[in-house]
Amino acid sequence: MLKIKSDVEKKTGFEYNFVLLNFYESGHAKIGARKDDKPSLDQSVDIATLSFGACRDMIFSKKGCKSVRQALEAGSLLLIHYQKEWTHAIPPQPCVKEPRISLTFRRVWSSLQQSLDEMEHDYSIPPCERLLRE
């Protein structure tokens, strides 16, 4: 993981201190529209998402604007700059049968505990998948 983090930092020019792993079992898995606007995020550092496995689409939306669809192919690195107006989502794609993993690198200001609590809330992580924090 440290090698991947180092490679992402070299590519982006940012230093990260937090990574979130999302596992999508198939195209039925999704993440609803959201903004990465939590106070714990360092807004001066772009969020980097590295994709593995099946290609999935991410939809960017803004009120009054046409949505933008971006394919996240295996090995792709997407940078998302902090903004307050656009949301992003991974919609269901039932035709996708293969799994996908994404690693989302961020820099957080607040404590790791607070950040984990925010991520649990945002991504509705079931209790059996939560990290042990002790």
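Count along the sequence shown from 1, add 42, and you get the number used in my numbering.
We put the beta carbon where it would ideally sit given N, CA and C, even for glycine.
- The DSSP-derived three-state label of S48 is helix.
- Contact check for A75 and T129: beta-carbon distance about 4 Å, within the 8 Å limit, so the pair qualifies.
- S48 is the residue among I143, S48 and D99 whose C-alpha sits nearest the C-alpha of E57.
- For the pair V61 and L119, the CB atoms are not nearer than the 8 Å cut-off.
- 8 Å or more divides the Cβ of I101 from the Cβ of P134.
- The Cβ atoms of L63 and I122 do not sit closer than 8 Å to each other.
- Of A71, M43, K53 and V138, the smallest CA-CA separation from D88 is found for K53.
- F102 has V110 and H130 as its beta-bridge partners, per DSSP.
- Counting along the chain, the unbroken beta strand (DSSP E) around Y66 starts and ends at F60 to Y66.
- Using a Cβ distance threshold of 8 Å, A71 and F147 do not count as a contacting pair.
- Put simply, of Y66, L92, R98 and F65 the residue whose alpha carbon is nearest the alpha carbon of V50 is L92.
- The shortest C-alpha to C-alpha distance from E140 to any of D79, Y66 and C107 is the one to Y66.
- For V110, the number of other beta carbons within 10 angstroms of its own is below 16, and it is reported as exposed.
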